[in-house]
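Undergrad: My questions will all concern the structure given below.
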Amino acid sequence: MNGEVVTMHLVEKIRKGLCESLEEAVKKSIASGELPPVEIPDFYIEVPREKQHGDFAVNLAMMLAKPARNSPRKIAEILVDNLNTGTIPVESVEIAGPGFINFYINPLWVLEGIPAVLTEGENYGRVNLGKNKKAQVEFVSANPTGLLHMGNARGAALGDSLASILDFAGYEVQREYYINDAGKQIENFGTSLETRYFQQLGWNVDMPEDGYHGDDIIDTVKLFLDKYGDKYASAPEKDRRDALIEFALHEKKNAISNALSQFRVKYDVWFSEQSLHDEGKVAAVVEQLKERGCTYVQDGALWFRAADFGLEKDEVLLRQNGIPTYFTADAAYHMNKFQRGFNTVINIWGADHHGHVARMKSVISALGYDSEALQVVIMQLVRLYRGGEMVRMSKRTGQFITLEELVEEVGTDAARYFFIMRSADSHLDFDLDLAKSQTNENPVYYIQYAHARICSILRQPGVTEVKEKAEQVDISSLLYREAELALARRLVDFPEEISLAAGQMSPHRVARYLHEVAGLLHSFYNAYRVITSDSDLSAARVKLVKAARIVLQNGLNILGINAPEKM
RNA sequence: GCGCCAGUAGCUCAGUCGGACAGAGCGUCGGACUACGAAUCCGAAGGCCGGGGGUUCAAGUCCUCCCUGGCGCACCA
C-alpha cells in the first residue's frame, strides 16, 4: 500500500520549471508584439538522445511556426530573448537544428536528487500518478483443471510486476485470480475424473476424446482414492462426479496457488465463477441487458446486440437450453468488478483471447459503465527453446513444462526476468539454457551482481567510519566526474520511469532501466575506487553507491526478483 | 475473407506525444585484474528500420496498398 507522502522529484521539478518559464516567454513575446496572439500548443520537454543537444530540449518553436507564421528558428530566438528560467540552474540555452531550444543545466544539478534517494529509501521512486484510485489486476486465471504452463507463467510475471508498478505509482492495487469453476469444461472435467477413477479401480473404460488427458489428474484421482476409497464406485453418477469435482477443484486450486507462491506471486482475491451463478449475478446481468433493450431472441437463444456497439456480430447470452455462455458469466464478473469500486480494471490475457476484448468492452458499455476503464494487456505466446531447438509445447506429446518445473529448473529470479524483459506484445523466445546459465550471457545476473557489488563495498573494513562521515559531506563539491554524474543522472530518473511504466502498463521498461543503472554502476566501479585514502571523497562515493543500491533494490523488488547481497 | 500482434545489426529485442547522426544485450574482433568481487570494464566492426506509395519543416513512429510469421473470427472457454 502506498501511504507515503510523495514529493516532487528533481527531474519533474526541472521539467515543470522550464515549462512554466517557456509559457511565460510566449506570453511576454505576444505582449510585446514580437509574436502574434497565438495559443500555446501542447509542446513537450524531452531529454535528447544526444548529449551534445543539452540536458533538455523543447520543440515549442517548431510547433509555433505555423500558427505564428514565422520560421521556427526566428521564433526560438524571440522566445529565448524573453526567457527567464528563474531558479533553475540553467547554464546556457542554444537554438539548434530545425528550431529546438536546448537547455544546458549545471552538470552538478543531478546531485541535488541524491539526498532524496537516501532519505526516501524503500519508498524512493513512488509517485502519485494514481492518486489513490483503485486498480485491479486480474491475471493468470487459468482453468483449475490442470497445471500452469509457460504462457501462464508469463502472465504471472507480467501481472504481478504490473500490479507492483501501479502500487508504486500511487494506485490502490488488488491482485485477483478468476477461477473458472463453472460451465461445460467443469462437466467435462467431471467425466474425465470419473474415467480415471474407474481406471484406477481396474475397470476398462476409455477417456473421451475431448477429455483431460493430462497425467496430473491421475494423481488427483489417486489422492481422492486415498481419502474415499471405492465408496463412490456404486454411488449415483451425479454424486460421484460432484464429489470428484469438488475434491479435484480444491486440490488443483491449491496446486496452482502453491506454484504461484513459489514464483513469488500472491493474490488478494481468488474469485469463483460459480459464485456468480450461485448468487444470481449472471441472471441479473441478463435481466439488465434485457431491460436496456440490448437483447433479442432468435433460434431459441437469447442474444446480445453487440453489433449496436460496433462489433461484427451479436453474442449469445443464453443458449437454446437456457444455460448462460462463458461470455455472460464474464460480463457479470466485470460488472461485479465495477460494482466493487475499481476505477481501473486490468486484465492480462493471452493472444488467443484477444478477440474477446472488443466483446467485453461492448457489453460493459451496454451495462452503462465506461469501457475505457477496462484495460486489457494482450501478451503474445511463449516459444520455448532448449539446446538451440524449439520445444513444441503440447499436452498430448508430454512436451509440456509446468510453472513448477520451470521454477525448479531455472529459478524464480531468472524466469521472472526473462518474462518481464520483453514487451508483452512481442513473441517471447524463452531459452531455457540461457536462463539457467550463470555466465555473462545471462542478463539477470548483471543487475543482481551490481547490487551484490555495492553490498560488498559497504562490507569493506573501515567503511563504518566513512559511512558516519557521509552524513556530513556535501557531495556536490566532491562528485563531478563523468561516470559519477552519469550514474546519478539515471538514479534521479527512477520516479519518472515508474510513471512511464505504469502509464504504458509496461513492466519491461523497468527491467531495461535497471539493466542500464547496473551498467552505469559497473562502469563507475571500474573507473574509480569508492574507498580511497581521501575520506571525504570516499564518503561522497559511498552515498552515491548507496543511492544506486536503493534504486536497484526497489526496482528488483517491483519485478519480484531478489537483490542478493552475495552471489 | 475479416480482425489483432509482430517484422529494426549475425541472433534476441528497445525505441516516450512524429524530432536532431537509429540504440542495447549476446555473438565476433582487439585490449584491461600484485588495492573495494573479471558474473565486470574499455574499444572496434556490424543497418535499404519487410517492400511500394502518401501526409509534413521533420516518419522506425501517422495514413494507404502489398509481402512474411503468430493468433483469433462457436449456442467452447
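Heads up: the first sequence begins at -17 in my numbering, then just goes up one per residue. Glycine residues also receive a C-beta, built at the ideal position from the N, C-alpha and C atoms. The structure displayed is predicted, hence computed values, not measured ones.
(1) Can you tell me whether M(-17) is helix, strand or coil according to DSSP?
(2) Looking at the secondary structure, which residues open and close the alpha helix (DSSP H) in which T446 lies?
(3) For L284, collect the residues of the same chain with a Cβ closer than 6 Å to its Cβ; drop the 5 residues on either side in sequence, then sort them by chain order.
(4) Return the CA-CA distance between L460 and D516, expressed in angstroms with no decimal places.
(5) Where M(-17) and D149 are concerned, what is the direct C-alpha to C-alpha distance, given to the nearest angstrom?
(6) Do you know offhand how far A596's Cα is from M342's?
(7) Return the CA-CA distance between A406 and A333, expressed in angstroms with no decimal places.
(8) If V29 sits next to L4, beta carbons under 8 Å apart, how far is it from one beta carbon to the other, in whole angstroms?
(9) Taking Q430 as part of the alpha helix (DSSP H), name the residues at either end of that continuous run.
(10) Once the 5 residues before and after Y367 are set aside, which same chain residues still bring their CB inside 7 Å of it?
(11) Is R471 helix, strand or coil when you go by DSSP?
(12) Suppose the cutoff is 7 Å on Cβ atoms and the five residues either side in sequence are ignored; what does the same chain contact list for T127 look like?
(13) Would you tell me roughly how many angstroms separate the C-alpha atoms of D281 and I199, rounded to the nearest one?
(14) Using 8 Å for Cβ pairs, my map puts F253 next to Q118. What's the rounded Cβ distance?
(15) Kindly indicate which three-state DSSP category R31 falls into: helix, strand or coil?
(16) Which of the three DSSP states is assigned to K295 in this structure?
(17) Is the CB-CB distance between E154 and K116 below 8 Å?
(18) Skipping 5 residues on each side, what residues in its chain have a beta carbon closer than 8 Å to that of M549?
(19) Excluding sequence positions up to five away, which residues of its chain have a Cβ less than 8 Å from the Cβ of L93?
(20) Leaving out five residues on either side along the sequence, give the residues of the same chain with a beta carbon under 7 Å from the beta carbon of I540.
(21) Please name the residue in R274, N303, V358 whose C-alpha comes closest to that of D290.
(22) Check whether the segment 395 to 404 and the segment 352 to 359 touch, using three or more Cβ-Cβ pairs below 8 Å as the test.
(23) Answer yes or no: do M487 and I328 have a C-beta to C-beta separation smaller than 8 Å?
(24) Please return the same chain residues whose Cβ sits closer than 7 Å to the Cβ of A521, not counting the five positions on each side in sequence.
(25) If we require 4 or more residues per run, which alpha helix (DSSP H) segments fall completely within the segment 332 to 413?
(26) Report yes if the C-beta distance between A311 and E255 is below 8 Å; otherwise report no.
(27) Have a look at V251, S174, F506, P89 and flag the residue whose alpha-carbon is nearest the alpha-carbon of G196.
(28) Going by the CB atoms, is the gap between L526 and A500 shorter than 8 Å?
(29) I want to know whether the segment 32 to 51 touches the segment 72 to 89 - three or more CB-CB distances under 8 Å.
(30) Under three-state DSSP, which class holds Y495?
(31) Could you give the C-beta distance for G(-1) and G68, rounded to a whole number, given that I count them as a contact under 8 Å?
(32) Between L473, S505, Q302, T384, which lies nearest to L129 when the distance is taken from Cα to Cα?
(33) Out of Y507, E371, L502, state which residue places its alpha-carbon closest to the alpha-carbon of S438.
(34) Would you call M(-10) buried or exposed, if buried means 16 or more other Cβ atoms sit within 10 Å of its Cβ?
(35) Considering only the beta carbon of each residue, do E7 and N64 sit closer than 8 Å?
(36) Figure out for me which residue from M45, H316, K(-5) has the closest Cα to the Cα of K263.
TA: In terms of the structure at hand:
(1) Indexing the first sequence from 1 puts residue -17 at position 1. Interpretation of M(-17) is limited by its pLDDT of 39, a score under 50 that renders its predicted location unreliable; no figure is taken from the coordinates.
(2) Locating residue 446 in the first sequence gives position 464, where the first residue counts as 1. Start and end: 445 to 452.
(3) Translated into the one-based positions of the first sequence, residue 284 becomes position 302. T277, L299, L300, listed in sequence order.
(4) Along the first sequence, read from residue 1 onward, the residue named residue 460 stands at position 478. Along the first sequence, read from residue 1 onward, the residue named residue 516 stands at position 534. If you take the alpha carbons of L460 and D516, they lie about 11 Å apart.
(5) What you label residue -17 is simply residue 1 of the first sequence in a count that begins at 1. What you label residue 149 is simply residue 167 of the first sequence in a count that begins at 1. Confidence at M(-17) is low in this model, with a pLDDT of 39, below 50, so its placement is unreliable and the value that follows should be read with caution. M(-17) and D149: Cα-Cα distance of roughly 7 Å.
(6) Lying outside -17 to 549, the shown extent of the chain, residue 596 is not represented and no answer is given.
(7) The count along the first sequence starts at 1 and reaches residue 406 at position 424. The count along the first sequence starts at 1 and reaches residue 333 at position 351. Spanning the two alpha carbons is a distance of roughly 10 Å.
(8) Residue numbering aside, residue 29 sits at position 47 when the first sequence is read from its first letter. Residue numbering aside, residue 4 sits at position 22 when the first sequence is read from its first letter. Actually they do not touch by this definition, with Cβ atoms about 16 Å apart.
(9) Locating residue 430 in the first sequence gives position 448, counting from the first residue. From DSSP, the alpha helix (DSSP H) with Q430 extends over 425 to 440.
(10) Translated into the one-based positions of the first sequence, residue 367 becomes position 385. Contacts found: V373, D411, F412, D413, L414.
(11) Mapped onto the first sequence, residue 471 falls at position 489. Here R471 sits in helix by DSSP.
(12) The count along the first sequence starts at 1 and reaches residue 127 at position 145. Contacts found: Q167, F171, Y194, K234.
(13) Numbered from 1 along the first sequence, position 299 holds the residue referred to as residue 281. Numbered from 1 along the first sequence, position 217 holds the residue referred to as residue 199. Cα to Cα, D281 sits roughly 38 Å from I199.
(14) As a position in the first sequence, residue 253 is number 271, starting the count at 1. As a position in the first sequence, residue 118 is number 136, starting the count at 1. Contact flag wrong, Cβ pair sits at about 10 Å.
(15) Residue numbering aside, residue 31 sits at position 49 when the first sequence is read from its first letter. Three-state result, R31: coil.
(16) Looking up residue 295 in the first sequence gives position 313. Correct three-state label for K295: coil.
(17) As a working mapping, residue 154 is identified with position 172 in the first sequence. As a working mapping, residue 116 is identified with position 134 in the first sequence. In this structure, K116 lies closer than 8 Å to E154 by Cβ.
(18) The residue you call residue 549 lines up with position 567 of the first sequence. So the qualifying residues of the chain are Y427, Q430, Y431, A434.
(19) Walking along the first sequence from the start, residue 93 turns up at place 111. Excluding sequence neighbours, L93 sits near I457, S458, L461, L467, A470.
(20) Here residue 540 refers to the residue found at position 558 when the first sequence is read from its first residue. Counting only Cβ-Cβ distances below 7 Å, and skipping sequence neighbours, we find S143, S146, I147, F150, V492.
(21) As a working note, residue 290 is residue 308 in the first sequence. Closest by alpha carbon: R274.
(22) no
(23) Position 505 of the first sequence holds residue 487. Position 346 of the first sequence holds residue 328. Yes, Cβ-Cβ distance for M487 and I328 is below 8 Å.
(24) In the first sequence, the residue the question calls residue 521 occupies position 539. Hits under 7 Å: V448, K451, A452, V455.
(25) Counting only runs of 4 or more, we get 337 to 348, 385 to 392, 394 to 402.
(26) The residue you call residue 311 lines up with position 329 of the first sequence. The residue you call residue 255 lines up with position 273 of the first sequence. Result yes, Cβ atoms of A311 and E255 sit closer than 8 Å.
(27) The count along the first sequence starts at 1 and reaches residue 196 at position 214. The shortest C-alpha separation from G196 is found at S174.
(28) Residue 500 sits at position 518 when you count from the first residue of the first sequence. Residue 526 sits at position 544 when you count from the first residue of the first sequence. No, the Cβ-Cβ distance between A500 and L526 is not below 8 Å.
(29) Look at the beta carbons and you see the segment 32 to 51 touching the segment 72 to 89: at least three pairs across the two are nearer than 8 Å.
(30) As a position in the first sequence, residue 495 is number 513, starting the count at 1. In this structure, DSSP gives Y495 a helical state, which the three-state scheme calls helix.
(31) Taking the first sequence and counting its residues from 1, one reaches residue -1 at position 17. Taking the first sequence and counting its residues from 1, one reaches residue 68 at position 86. Confirmed, about 7 Å.
(32) The sequence position of residue 129 within the first sequence is 147, counting from 1. Among L473, S505, Q302, T384, the Cα nearest to that of L129 is on T384.
(33) Within the first sequence, the letter at position 456 stands for residue 438. Relative to the Cα of S438, the nearest Cα in the group Y507, E371, L502 belongs to Y507.
(34) Residue numbering aside, residue -10 sits at position 8 when the first sequence is read from its first letter. When all chains shown are included, M(-10) counts as exposed.
(35) For the purposes of this step, residue 7 is taken as residue 25 along the first sequence, with counting starting at 1. For the purposes of this step, residue 64 is taken as residue 82 along the first sequence, with counting starting at 1. One point to set straight first is that residue 7 is Ala, not Glu, in the sequence displayed. Yes; because the gap between Cβ atoms is below 8 Å, this pair is in contact.
(36) As a first step, residue 263 must be located in the first sequence, where it is residue number 281. Considering only alpha carbons, the answer is H316.
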